[in-house]
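Beneath this line is the structure, given in structure tokens, with notes to follow.
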Amino acid sequence: MGSASDQRKVHLTMPLTFTPEAAQRLTTLSASSNAYDQAVLAAVKTVLSQLELHPERHRVGASQFTEPTAWGRIVDVDEGASWIVLWTIGENPGAIRILRVEPAPSLG
């Protein structure tokens, strides 16, 4: 059995992948100097970092959707609308594909 350090390396070898839409949204947020956009980016990066570091825990705190099976997590942003990060998993353990990064729908 490997050390915790060895186990962590296994997870880091499976980087997140992104749909073109999700990649474009992150590029747009990163290029913006708007304070709200930067707050959104920071909140989204927290979710992405958690998914990359611990892909085996991708369901924790997430809502599950079906057809196709996907998960999502809503992130709150001060002074603005909440956003949602949607992802699915690949056939290989730890392979996570980010499907969308967008404003969350209002359910109220």
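According to the working numbering, the sequence shown holds residues 372 to 479 in order. Yeah, the Cβ is synthetic: ideal placement off N, Cα and C, and Gly gets one too.
Span separating the alpha-carbon of residue i from that of residue j
| i | j | result |
| --- | --- | --- |
| residue 426 | residue 466 | 8 Å |
| residue 390 | residue 409 | 21 Å |
| residue 463 | residue 469 | 15 Å |
| residue 428 | residue 404 | 32 Å |
| residue 422 | residue 398 | 19 Å |
| residue 473 | residue 424 | 22 Å |
| residue 482 | residue 450 | Here the chain has residues from 372 to 479 only, and residue 482 is not among them. |
| residue 388 | residue 402 | 20 Å |
| residue 455 | residue 446 | 6 Å |
Distance between beta carbons of residue j and residue i, contact taken as under 8 Å
| i | j | result |
| --- | --- | --- |
| residue 441 | residue 458 | 6 Å |
| residue 418 | residue 400 | Actually they do not touch by this definition, with Cβ atoms about 13 Å apart. |
Three-state class that DSSP yields for residue i in the structure shown
| i | result |
| --- | --- |
| residue 480 | A question about residue 480 goes unanswered here, because the residues of the chain that appear run from 372 up to 479. |
| residue 399 | helix |
| residue 434 | strand |
| residue 426 | helix |
| residue 448 | coil |
| residue 441 | strand |
Buried versus exposed call for residue i [16 or more other C-beta atoms within 10 Å across all chains shown]
| i | result |
| --- | --- |
| residue 413 | exposed |
| residue 444 | buried |
| residue 430 | exposed |
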